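There are 2 protein chains.
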Amino acid sequence: MTSEEFKQWGYRFVDWAADYIAHPEKYPVLSRVSPGDIRKQLPAEPPAQPESYEQMLQDLDRIIVPGLTHWNHPSFFAYFPNTGSEPGIFGEMLTAALNVNGMVWRTSPAATELEEHVLDWLRGMIGLPAAFKGMIFDTASLSTFHALAAARETITERSVREDGLSGPDAPRLRLYASEQAHSSIEKSVMALGIGRRGLVKIGTDAEFRMDAKALEFAIDKDLREGFRPFAVVATVGTTSTTSIDPVARIADVCAKFGLWLHVDAAYAGSAAILPEMRHIVDGVDRADSFVTNPHKWLLTSMDFSAFYCRRPDMLRRAFSLSPEYLQTAEGDAVTNAQDSTLQLGRRFRALKFWMVIRHYGVEGLRDCIREHIRLGKLFASLVESDPRFEVVAPVPFSTVCFRLKSGDADNQALIDRVNASGKLFISSTRLNEKLTLRFAIGNARSGEAHVRAAWEEIRSLNRQDAKGEM
Amino acid sequence: MTSEEFKQWGYRFVDWAADYIAHPEKYPVLSRVSPGDIRKQLPAEPPAQPESYEQMLQDLDRIIVPGLTHWNHPSFFAYFPNTGSEPGIFGEMLTAALNVNGMVWRTSPAATELEEHVLDWLRGMIGLPAAFKGMIFDTASLSTFHALAAARETITERSVREDGLSGPDAPRLRLYASEQAHSSIEKSVMALGIGRRGLVKIGTDAEFRMDAKALEFAIDKDLREGFRPFAVVATVGTTSTTSIDPVARIADVCAKFGLWLHVDAAYAGSAAILPEMRHIVDGVDRADSFVTNPHKWLLTSMDFSAFYCRRPDMLRRAFSLSPEYLQTAEGDAVTNAQDSTLQLGRRFRALKFWMVIRHYGVEGLRDCIREHIRLGKLFASLVESDPRFEVVAPVPFSTVCFRLKSGDADNQALIDRVNASGKLFISSTRLNEKLTLRFAIGNARSGEAHVRAAWEEIRSLNRQDAKGEM
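From first to last, the protein sequence lines are chains A and B. The numbering of the first sequence is the working numbering, which starts it at 1 and goes up by one. The numbering of the second sequence is the working numbering, which starts it at 471 and goes up by one.
Written out as C-alpha cells, the structure is:
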C-alpha cells in the first residue's frame with residue numbers, strides 16, 4: 001500500500017469514527033443481539049487472500065456495531081461510564097503507528113519519560129505528595145495486584161519472591177478491605193497465593209464506609225490467632241455506592257500495626273482534581289499506594305489505569321529480574337518499567353493521556369467532572385421527589401443508588417424494561433440485601449437533557465409496569 | 471469540536487502517521503537521547519487551558535520522536551521486532567472510537583464473540599485442536615501467568631483460590647522450565663506466591679533445548695523430597711536462541727506425573743501458520759495451554775497476546791467471582807471474559823487482529839514470515855562466511871545468535887558501536903557464558919537489502935574497531 005492509499009483509507013476510517021461518535025444515540029444503548037448472533041455471521045475460516053477495507057467497513061456497520069453495547073451513548077448510565085474522546089482516538093492512532101515497546105528505557109526513552117511526566121502531572125492535579133511515583137497499568141485490577149505484591153514483600157519474616165508462601169514456617173497472610181471493596185481485591189489475593197480466606201472483609205457503617213474500629217478489632221484478633229496481617233485496602237468511591245472509606249483513620253490503624261495501605265480510587269480519584277472535592281483524598285498522603293483510572297472519568301480511552309506507589313523499592317523487589325537479554329547500559333540510572341511489573345511488553349499509553357490533558361486543559365477536565373457531580377445530585381433529587389422510589393445511599397459523586405420501595409421483583413422488572421428500551425442502560429447491585437438500581441453519570445456526552453429524559457423513561461416504564469400488573 | 475473539525479484534525483493525524491510509517495529509516499534506530507532529556511523539555515505543570523492539536527503535533531516531532539527507539543525501522547533487529555501495520559493502526563483508531571469495555575458478554579457481545587472467533591481462526595491457522603479455547607491478553611507474561619494460576623488449581627490437596635499456599639499442610643509447589651525459558655515464567659512463580667525457588671530450571675542440550683530426561687529426573691527427585699510438582703513450561707522459540715523444546719517428549723513426562731503442560735511460543739508460534747513449519751507445534755495438542763503473540767510476528771500492533779487453554783474450567787476456577795454489580799441475565803450461557811481473568815476492564819483488541827488477517831489474508835501473513843525465515847538463514851550464512859565470526863546456535867526461525875570469536879570485550883565494543891551508528895539495532899544475550907550478539911528479523915519492512923546492509927555495517931564497524939586497537 002502506498003502512502004497515498006494509506007491516507008485515503010485513513011480518512012475513510014476517520015470519517016467513520018467521526019460519524020460514529022457524533023451520533024452514538026442513534027443506536028440502542030444495550031445491544032439487542034442474542035448469544036451467538038455475531039459469530040454466526042462470520043466466516044468459519046479466515047480468508048486466504050486479502051480482503052478490502054471497504055468490505056471491513058461494511059461488516060463493521062452490518063455485524064459489529066449492532067453487536068455493541070454503546071459506551072459512548074449519552075444515556076449509558078451503567079457500571080462506571082467512560083468516554084471515547086477525540087484526543088484519545090488520535091492518541092491511540094499514533095500509539096499504533098509508532099508501535100514502540102517501552103519495556104526498558106532504551107527501547108523508547110520518550111515512552112518511559114512521558115509516562116513518568118504525565119503521571120506526575122496527574123499526581124499534582126489530584127494533590128498527592130511528590131513521593132508517589134506513578135506508572136501505568138491497563139486496569140485498576142492490575143494496579144491493585146501490583147500494590148499487594150509489593151506489600152507482600154514488606155514482611156520481614158521471609159522473602160516471598162524467593163521462598164513463596166509455603167513451608168512449615170510460612171506466615172499466614174491477612175489482608176483487610178471493606179465488604180464494599182471491589183472484586184479485584186479478592187482476585188488479587190487469590191492470584192497471589194494468599195487465598196480468598198486471607199481477605200478479611202470489614203463491615204461498613206450505614207453509609208457503606210469501612211468501620212475503622214472493626215478493622216482494628218479484626219487485625220488484633222488475627223494477630224492473637226497467629227495470622228500475619230500485611231495490608232489494608234481502603235476505597236475512595238466503592239463500586240456499588242461510591243462510598244468513601246475513612247482513609248485517615250484507616251491510615252492510623254495501618255501505622256499502628258505497620259501495614260501497607262493501598263487506596264483504591266479507580267473511579268472517584270479523578271474527582272480530586274476539583275478543589276472542592278480534594279477532601280476525598282484526605283489521608284491518602286499517608287498511603288503506600290494509590291490507584292485511579294483516567295479511562296473511567298478523565299476522558300481517556302480504554303485502557304489506562306494510573307498507579308502510584310510511595311515505596312517503589314518494594315515494587316521492584318516483587319518483580320525485578322534482569323535476564324541477560326534485557327540488560328542495558330543505562331542500568332539503574334533510568335526507569336526500566338519491566339523491573340516493576342509482571343508484564344514485559346509495554347504499549348506507549350502515556351501519549352493519549354498527554355493529549356487528553358492538553359486538549360481539554362485541567363479546567364476543561366474539571367468542568368466535565370463538576371457537571372457530572374451536579375447531574376448526579378439532580379438525578380437523586382428527581383428520584384426523591386417521587387414517593388414510590390427511594391435513594392438508598394449518599395451521593396458523593398455522580399452515581400445514584402435507588403429503588404422502588406415495593407420490593408425486588410418490581411425493581412427487577414423495572415430494570416429489565418428500562419434496559420430493553422434501548423433508550424438508556426443502567427446496572428444494579430444489592431444493598432442491605434435488597435436489589436438496588438444504579439445510575440452512574442460519567443460520559444462526556446451525557447448532559448442534563450439525557451439525565452432528565454432517563455428519569456422520565458424510568459418513571460414511565462414503571463407506570464406501564466404497574467398498569468400491566470393491575 | 472464539531473464533526474467536521476474532528477475529521478480535519480483526524481486527517482492531519484492520519485497524514486502524520488502515513489509519513490512516519492513511510493520513512494522510519496530516516497531516524498536513528500536507537501534513540502540518542504540521554505536520561506532526562508525528554509522530561510526537561512516538558513512543562514512541569516499541566517496546562518490549565520486547552521492547547522491546540524497543532525502544538526501537540528509540533529511537540530510530537532520536536533520532543534517525542536527523537537526520544538523514540540524506532541521499532542518500525544526496517545533495521546530494527548533487536549529483541550523480537552514487531553510491526554506497526556496499517557490495519558493495526560486503523561483498527562486501534564476504531565477501538566478507541568468505539569471504546570467499549572468487553573468485561574462481560576452483554577457489555578459488548580461483539581467484542582466477546584469477535585475475540586473468540588479470531589482466536590479460533592488463529593487456532594486453525596496454527597493447527598491446534600478445537601478443544602483449545604482462546605482469549606486475548608496484553609502480553610505473553612500475563613498469558614503465562616494465567617496458565618500457571620489455572621494449573622495451580624488442578625492440585626487436589628486443597629483449593630488454592632480459597633486457602634492459598636500457606637499453612638502447615640500446604641504443598642510446596644514446584645514448576646519446571648528450561649534454563650533458557652523466559653523471565654516471565656520466573657516472574658509468574660514470584661507473583662503466584664510460589665517463590666523463585668519453586669521454579670526448577672532444567673538443563674538444555676547443545677542446541678539449547680530442554681533435556682526431557684533431566685526434567686523427569688528432577689520431578690522424581692522433588693517427589694521423593696516432598697515437593698509438589700504441578701506444571702511444566704516448554705518453550706517453542708526461546709528468547710535467546712529461539713530453540714525448540716521437545717514438546718512431545720515433555721508431554722510424555724507431564725502425562726506420567728499428571729502435570730499441567732504450558733507451551734510458551736510467544737515469538738515462534740506464529741511460524742506454525744506455514745505448512746512447512748507446522749512441525750514446531752508437534753506435541754502441543756497434548757498441552758493444557760499455549761501462548762503466541764500476534765503483536766510480535768503477525769503484523770498486529772501492540773498489545774495482543776493470544777492465549778489458548780484446553781481446560782477453561784480451571785481458568786475460571788482460578789479467577790471467577792461474581793459480585794452483585796457484575797451479574798447478568800445471560801449467566802453461563804455466554805462467555806463473560808472477566809470470569810477467567812485477573813483484569814476486569816477489557817479493550818476491544820480483537821478488532822485490529824480481525825482487520826490484520828483480512829487485510830493480508832493468511833497467505834500474505836505466511837509470505838511475510840516465510841521471507842523473514844529465509845532472511846534469517848541468509849544472515850547466518852553471511853556470518854559464517856567470515857572467519858572472525860561464528861554462529862553459536864541453530865537458526866530455526868529468523869533469529870541469529872553470533873559473535874566474534876575473539877572474546878567478550880570485542881563483542882561488547884562491536885555491539886556498542888553498531889547500536890551507536892543509528893543504522894541498525896541489535897541486542898545481546900549470554901550463551902555458554904559468552905557474550906553473544908542477537909540479530910532478529912521480524913518487521914514487515916525489513917527486506918534483503920536491509921539485512922545485507924546490516925551485515926556490511928557490522929563487518930565494517932568491526933574492522934574500524936580492530937584498526938582502532940592497533
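C-beta atoms are modelled at their ideal positions from N, C-alpha and C, and glycine is treated no differently. Since the structure is predicted, the reported quantities are computational estimates derived from the model, not experimental observations.
Checklist entry - In terms of residues, what are the limits of the beta strand (DSSP E) holding B/F700? => result Numbered from its first residue, the second sequence carries residue 700 of chain B at position 230. It spans 698 to 705 - the beta strand (DSSP E) in which B/F700 sits, taken as one unbroken run.
Item to check | Cβ neighbour criterion (16 or more within 10 Å) applied to A/S178 | outcome: The residue given as residue 178 of chain A occupies position 178 in the first sequence. Buried: at least 16 other Cβ atoms inside 10 Å.
Item to check | Any chain A beta carbon closer than 8 Å to B/R817 | outcome: For the purposes of this step, residue 817 of chain B is taken as residue 347 along the second sequence, with counting starting at 1. Contact of B/R817 with chain A is assigned, a C-beta pair being separated by under 8 Å.
Next on the checklist: What ranges does the alpha helix (DSSP H) occupy inside the segment 119 to 197 of chain A, keeping only unbroken runs of at least 4 residues that lie completely in it?
Outcome noted: The segment 119 to 197 of chain A contains these whole alpha helix (DSSP H) runs: 140 to 152, 160 to 163, 183 to 191.
Next on the checklist: Let me see if you follow: with CB-CB separation under 8 Å, is A/S141 close to chain B or not?
Outcome noted: By 1-based counting over the first sequence, the position of residue 141 of chain A is 141. Chain B places a beta carbon closer than 8 Å to that of A/S141, counting this residue as a contact.
Checklist entry - Is it the case that the Cβ atoms of A/L315 and A/D288 are separated by a distance below 8 Å? => result Along the first sequence, one-based indexing puts residue 315 of chain A at 315. Along the first sequence, one-based indexing puts residue 288 of chain A at 288. Contact: no.
Item to check | Bridge partner(s) assigned by DSSP for B/A883 | outcome: Here residue 883 of chain B refers to the residue found at position 413 of the second sequence. Note: B/A883 sits in no beta bridge, so no partner.
Checklist entry - CB-CB under 6 Å to A/E216, same chain, minus the five flanking residues each way: which ones, in chain order? => result Against the first sequence, residue 216 of chain A aligns to sequence position 216. V253.
Checklist entry - By Cβ distance, which residues of its chain are closer than 8 Å to B/E939, with the 5 residues on each side in sequence left out? => result The residue given as residue 939 of chain B occupies position 469 in the second sequence. Reliability fails at B/E939, whose pLDDT of 47 lies under 50, so the model's placement of it is uncertain and the value that follows must be treated cautiously. Within the same chain, B/E939 has no close Cβ partners at all.
Item to check | Among A/R161, A/A140, A/E157, A/D138, nearest to A/A149 - alpha-carbon criterion | outcome: Working through the first sequence from its first residue, we reach residue 149 of chain A at position 149. Of the candidates A/R161, A/A140, A/E157, A/D138, the one whose C-alpha sits nearest the C-alpha of A/A149 is A/R161.
Checklist entry - Is B/R431 near B/N571, with beta carbons less than 8 Å apart? => result This structure does not reach residue 431 of chain B, given that chain B is present from 471 up to 940, and the question cannot be answered.
Checklist entry - So what's B/Y795 in DSSP terms, helix, strand or just coil? => result Locating residue 795 of chain B in the second sequence gives position 325, where the first residue counts as 1. Here B/Y795 carries a helix assignment [DSSP, helix/strand/coil].
Checklist entry - Exposed or buried, B/P857, counting other C-beta atoms within 10 Å across all chains shown (16 or more means buried)? => result Counted from its first residue, the second sequence places residue 857 of chain B at position 387. Its Cβ having fewer than 16 others within 10 Å, B/P857 is exposed.
Checklist entry - Based on Cα-Cα distance, which residue from A/L274, A/K434, A/I280 lies nearest to A/D264? => result Taking the first residue of the first sequence as 1, we reach residue 264 of chain A at position 264. Closest by alpha carbon: A/I280.
Checklist entry - When you compare only the Cα positions, how much space is there between A/Y20 and A/I89? => result The sequence position of residue 20 of chain A within the first sequence is 20, counting from 1. The sequence position of residue 89 of chain A within the first sequence is 89, counting from 1. Counting only the Cα atoms, A/I89 lies some 12 Å from A/Y20.
Checklist entry - What's the gap between the Cα of B/K691 and the Cα of B/V754? => result As a first step, residue 691 of chain B must be located in the second sequence, where it is residue number 221. As a first step, residue 754 of chain B must be located in the second sequence, where it is residue number 284. So the two alpha carbons sit approximately 26 Å from each other.
Item to check | Simplified DSSP state of A/L259, which is helix, strand or coil | outcome: In the first sequence, the residue the question calls residue 259 of chain A occupies position 259. A/L259: coil per DSSP, three-state reduction.
Checklist entry - Where B/D752 and A/Q58 are concerned, what is the direct C-alpha to C-alpha distance, given to the nearest angstrom? => result Walking along the second sequence from the start, residue 752 of chain B turns up at place 282. Walking along the first sequence from the start, residue 58 of chain A turns up at place 58. Roughly 39 Å separates the two Cα atoms.
Item to check | Spatially closest choice to B/V870 from B/Y549, B/G877, B/F476, B/A518, by CA coordinates | outcome: The sequence position of residue 870 of chain B within the second sequence is 400, counting from 1. For B/V870, the nearest C-alpha among the options comes from B/Y549.
Checklist entry - Under the DSSP definition of a beta bridge, which residues are partnered with A/Y27? => result Counting from one through the first sequence, the residue named residue 27 of chain A turns up at place 27. None, per the DSSP bridge assignment.
Checklist entry - On the three-pair Cβ rule with 8 Å, is the segment 500 to 519 of chain B touching the segment 883 to 897 of chain B? => result The answer is yes - the segment 883 to 897 of chain B touches the segment 500 to 519 of chain B, with three or more Cβ pairs under 8 Å.
Checklist entry - In chain A, which residues lie with their C-beta within 8 Å of the C-beta of B/K893? => result Here the question's residue 893 of chain B lines up with position 423 in the second sequence. Taking a Cβ-Cβ cut-off of 8 Å, B/K893 has no neighbours in chain A, whose nearest Cβ is about 16 Å from it.
Item to check | Any C-beta of chain A under 8 Å from that of B/P517 | outcome: One-based indexing of the second sequence puts residue 517 of chain B at position 47. At least one chain A Cβ lies under 8 Å of B/P517.
Item to check | Stretch-stretch touch, CB-based, cutoff 8 Å, three pairs: the segment 710 to 727 of chain B with the segment 768 to 788 of chain B | outcome: With a cut-off of 8 Å, the segment 768 to 788 of chain B and the segment 710 to 727 of chain B do not count as touching, because too few Cβ pairs lie within range.
Item to check | Coarse secondary structure for B/K671, derived from DSSP in three states | outcome: Translated into positions along the second sequence, residue 671 of chain B becomes position 201. Note: B/K671 maps to strand in three-state DSSP.
Item to check | Simplified DSSP assignment, three categories, for B/R873 | outcome: Sequence index remark: in the second sequence, residue 873 of chain B carries index 403 (1-based). Under the three-state reduction of DSSP, B/R873 is assigned to strand.
Item to check | C-beta atoms of A/G84 and B/E515 nearer than 8 Å | outcome: As a working note, residue 84 of chain A is residue 84 in the first sequence. As a working note, residue 515 of chain B is residue 45 in the second sequence. No, the pair does not count as a contact, with Cβ atoms beyond the cut-off.
Checklist entry - Taking three-plus beta-carbon pairs below 8 Å as touching, is the segment 906 to 918 of chain B in contact with the segment 847 to 866 of chain B? => result Because the criterion of three Cβ pairs below 8 Å is met, the segment 906 to 918 of chain B and the segment 847 to 866 of chain B touch.
Checklist entry - Under the rule that 16 or more other beta-carbon atoms within 10 Å means buried, what is A/Q49, buried or exposed? => result Here residue 49 of chain A refers to the residue found at position 49 when the first sequence is read from its first residue. Around the CB of A/Q49, fewer than 16 other CB atoms lie within 10 Å, so the residue is classed as exposed.
Next on the checklist: Going by C-alpha to C-alpha distance, which of B/A741, B/M747, B/E746 sits closest to B/V761?
Outcome noted: For the purposes of this step, residue 761 of chain B is taken as residue 291 along the second sequence, with counting starting at 1. For B/V761, the nearest C-alpha among the options comes from B/A741.
Item to check | Alpha carbon of A/Y360 to alpha carbon of B/Y795, nearest angstrom | outcome: On the first sequence, residue 360 of chain A is found 360 positions in, with the first residue counted as 1. On the second sequence, residue 795 of chain B is found 325 positions in, with the first residue counted as 1. Note on geometry: alpha-carbon atoms of A/Y360 and B/Y795 lie some 31 Å from one another.
Item to check | Inter-residue Cα distance where the pair is A/S108 and B/L845 | outcome: Start at 1 with the first residue of the first sequence, and residue 108 of chain A comes out as number 108. Start at 1 with the first residue of the second sequence, and residue 845 of chain B comes out as number 375. Their Cα atoms are separated by approximately 26 Å.
Item to check | Expected contact under 8 Å - CB spacing of A/T335 and A/E153 to nearest Å | outcome: What you label residue 335 of chain A is simply residue 335 of the first sequence in a count that begins at 1. What you label residue 153 of chain A is simply residue 153 of the first sequence in a count that begins at 1. Between A/T335 and A/E153, the beta carbon gap of about 19 Å keeps them out of contact (Cβ cut-off 8 Å).
Checklist entry - Taking A/P396 as the reference, which of A/P168, A/L351, A/A214, A/A268 has the closest Cα? => result Taking the first residue of the first sequence as position 1, residue 396 of chain A is located at position 396. Nearest C-alpha to A/P396: A/A268.
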